[in-house]
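Undergrad: Quick note on numbering: the sequence shown equals residues 15 to 254 in my numbering. Pasting a structure below so you can have a look.
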Amino acid sequence: MAANPYDFSFSLRKEFHKKVLIIIYIALLIFVFMNLVLKFLMFPVRISSEAMKPEFPENSFVFIAPNYSSWQIPIFDKTLERGSVVYVNPEVEEELPFYKRAVNFFVEFFTFQQYQAFKTENEISGNPSVRRVVGLPGDSVYMKDYVLYIKPAGEQHYLTEFELTPRMYETIELTKGKNLRNVGIPAQLDEIVLGDDEYFLLADDRTSSVDSRIYGPVSKDRIGGKAFLRYFPLSSFSTL
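Laid out in structure tokens, this is it:
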């Protein structure tokens with residue numbers, strides 16, 4: 015059997031250990047760099063439901079720019095406009111044990127934040143979601159036949175969401191005359207006035223998706239970020 019040169023040469027063993035340490039350091043640097051990017055610059059999100067059809071079919075992927083408003087940086091506030099697609103944090107987050115948070119951290123990192131080993135079970139308030147900003151702070155809003163009517167602060171007249179939104183989008187609604195009693199998600203909504211830090215968020219599929227019609231207006235600190243790039247499917251690659 016041929017002798018292993020590492021068994022006899024201290025210098026070769028030292029050189030080998032040095033290479034192993036360099037590889038470990040590089041891996042750690044990549045790990046730290048990627049986490050800094052995902053934390054402070056952008057992070058990927060998979061839209062796992064049909065709530066944002068037709069623009070975002072199920073299993074679409076988007077990049078989200080984080081919400082910096084809690085750091086007193088006004089950049090996010092300037093880009094959060096009517097029609098923006100945003101990432102919404104759960105209203106009540108389940109406090110996981112340390113070992114589960116640690117497992118989630120590594121699973122999210124190596125899957126680019128697409129999967130978690132441990133998830134919450136509350137479908138209404140316990141899971142993050144992607145929704146569209148339709149009502150802004152100070153707006154008066156009401157809904158009729160799945161269309162939101164808006165009177166911006168200081169204005170005298172109501173206009174539809176489509177007349178006020180600079181970015182065009184499509185929604186899915188039930189045809190007029192169809193029985194609405196068994197749908198579960200309201201097509202009508204009485205007038206409400208949004209507070210100084212409240213946003214009215216809607217799904218594009220208005221017939222069966224949970225949004226501000228169910229859980230009410232959302233404060234800005236619950237908005238985790240804004241979608242700025244759709245990168246999958248590749249056929250629909252585009253900025254937002």
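Glycine included, C-beta positions come from ideal geometry on N, C-alpha and C. The structure displayed is predicted, hence computed values, not measured ones.
Restricting to Cα atoms, I'd like to know which of Val207, Lys67, Gln202, Val117 is closest to Glu169.
TA: Reading the sequence shown from its first residue, position 155 is the one you call residue 169. Nearest of Val207, Lys67, Gln202, Val117 to Glu169, Cα basis: Val207.
Undergrad: Would you kindly work out how many angstroms separate the C-alpha atoms of Val147 and Lys28, rounded to a whole number?
TA: Taking the sequence shown and counting its residues from 1, one reaches residue 147 at position 133. Taking the sequence shown and counting its residues from 1, one reaches residue 28 at position 14. Going by the C-alpha atoms only, they are around 59 Å apart.
Undergrad: For Tyr245, count neighbouring Cβ atoms within 10 angstroms of its own Cβ and tell me buried if that reaches 16, exposed if not.
TA: Residue 245 sits at position 231 when you count from the first residue of the sequence shown. By the 10 Å Cβ count, Tyr245 comes out exposed.
Undergrad: State the Cα-Cα distance for the pair Asn81 and Leu26, rounded to the nearest angstrom.
TA: Here residue 81 refers to the residue found at position 67 when the sequence shown is read from its first residue. Here residue 26 refers to the residue found at position 12 when the sequence shown is read from its first residue. Their backbone Cα atoms lie some 51 Å apart in a straight line.
Undergrad: Among Ser143, Phe54, Ala201, Glu212, which has the Cα closest to the Cα of Arg96?
TA: Here residue 96 refers to the residue found at position 82 of the sequence shown. The shortest Cα separation from Arg96 among Ser143, Phe54, Ala201, Glu212 belongs to Glu212.
Undergrad: Quick one: what does DSSP say Val155 is sitting in, helix, strand or coil?
TA: By one-based count along the sequence shown, residue 155 stands at place 141. Three-state result, Val155: strand.
Undergrad: Less than 8 Å separating the beta-carbons of Ile186 and Arg220?
TA: Residue 186 sits at position 172 when you count from the first residue of the sequence shown. Residue 220 sits at position 206 when you count from the first residue of the sequence shown. Their beta carbons are under 8 Å apart, which means Ile186 touches Arg220 by this criterion.
Undergrad: Going by DSSP, which residues form a beta bridge with Lys165?
TA: Residue numbering aside, residue 165 sits at position 151 when the sequence shown is read from its first letter. Its beta-bridge partners are Ser154.
Undergrad: In the DSSP assignment, find the unbroken alpha helix (DSSP H) run with Phe176 in it and report its ends.
TA: As a first step, residue 176 must be located in the sequence shown, where it is residue number 162. 175–178 is the span of the alpha helix (DSSP H), which, as asked, contains Phe176.
Undergrad: If you compare alpha carbons, which of Gly239, Ala217, Ser98 is closest to Tyr229?
TA: Here residue 229 refers to the residue found at position 215 of the sequence shown. Among Gly239, Ala217, Ser98, the Cα nearest to that of Tyr229 belongs to Ala217.
Undergrad: Closer than 7 Å: is that where the CB of Leu50 sits relative to any heavy atom of the ligand MN?
TA: With respect to the ligand MN, the structure offers nothing, as it holds no ligand at all.
Undergrad: Beta-carbon of Leu248 versus every beta-carbon of chain D: anything under 8 Å?
TA: Protein chains in the displayed structure number just one, and chain D is not present.
Undergrad: Between the alpha carbons of Asp225 and Glu72, how many angstroms are there, rounded?
TA: The residue you call residue 225 lines up with position 211 of the sequence shown. The residue you call residue 72 lines up with position 58 of the sequence shown. Taking the straight line from one Cα to the other gives about 17 Å.
Undergrad: According to DSSP, is Val51 part of a helix, a strand, or is it coil?
TA: One-based indexing of the sequence shown puts residue 51 at position 37. Helix at Val51.
Undergrad: Closest by CA to Leu254, which one among Pro151, Ile199, Leu94?
TA: Position 240 of the sequence shown, counted from the first residue, corresponds to residue 254. For Leu254, the nearest C-alpha among the options comes from Leu94.
Undergrad: For Leu243, I'd like the list of residues in its chain whose CB is within less than 7 Å of its CB, leaving aside the five on either flank, ordered along the chain.
TA: Residue mapping note: residue 243 aligns to position 229 of the sequence shown, counting from 1. Excluding sequence neighbours, Leu243 sits near Val76, Phe77, Thr253, Leu254.
Undergrad: Is Ser143 closer than 8 Å to Val102 when the C-beta atoms are compared?
TA: Here residue 102 corresponds to residue number 88 of the sequence shown, with the count starting at 1. Here residue 143 corresponds to residue number 129 of the sequence shown, with the count starting at 1. Result yes, Cβ atoms of Val102 and Ser143 sit closer than 8 Å.
Undergrad: Return the residue from the list Pro104, Phe45, Pro68 that minimises the CA-CA distance to Gly239.
TA: Taking the first residue of the sequence shown as 1, we reach residue 239 at position 225. The option with the nearest alpha carbon to Gly239 is Pro104.
Undergrad: Using only the alpha-carbon positions, how far apart do Asp210 and Ile44 sit?
TA: If you number the sequence shown from 1, residue 210 lands on position 196. If you number the sequence shown from 1, residue 44 lands on position 30. For Asp210 and Ile44, the distance between alpha carbons rounds to 41 Å.
Undergrad: Can you give the Cα-Cα distance for Leu162 and Asn49, rounded to whole angstroms?
TA: Position 148 of the sequence shown, counting from 1, holds the residue named residue 162. Position 35 of the sequence shown, counting from 1, holds the residue named residue 49. Each residue's alpha carbon lies about 39 Å from the other.
Undergrad: Could you work out which residue in Val46, Ser249, Ser74 is closest to Val59 when comparing CA atoms only?
TA: Working through the sequence shown from its first residue, we reach residue 59 at position 45. Among Val46, Ser249, Ser74, the Cα nearest to that of Val59 belongs to Ser74.
Undergrad: Which class does Tyr160 belong to by DSSP, given the choice of helix, strand or coil?
TA: By one-based count along the sequence shown, residue 160 stands at place 146. Coil at Tyr160, not helix or strand.
Undergrad: Inspect the beta-carbon positions of Gly149 and Phe57 and report whether they are closer than 8 Å.
TA: Along the sequence shown, one-based indexing puts residue 149 at 135. Along the sequence shown, one-based indexing puts residue 57 at 43. Going by C-beta atoms, Gly149 is not nearer than 8 Å to Phe57.
Undergrad: Report buried or exposed for Pro111, applying the criterion of at least 16 other Cβ atoms within 10 angstroms of its Cβ.
TA: Position 97 of the sequence shown, counted from the start, is the residue given in the question as residue 111. Classification for Pro111: exposed.
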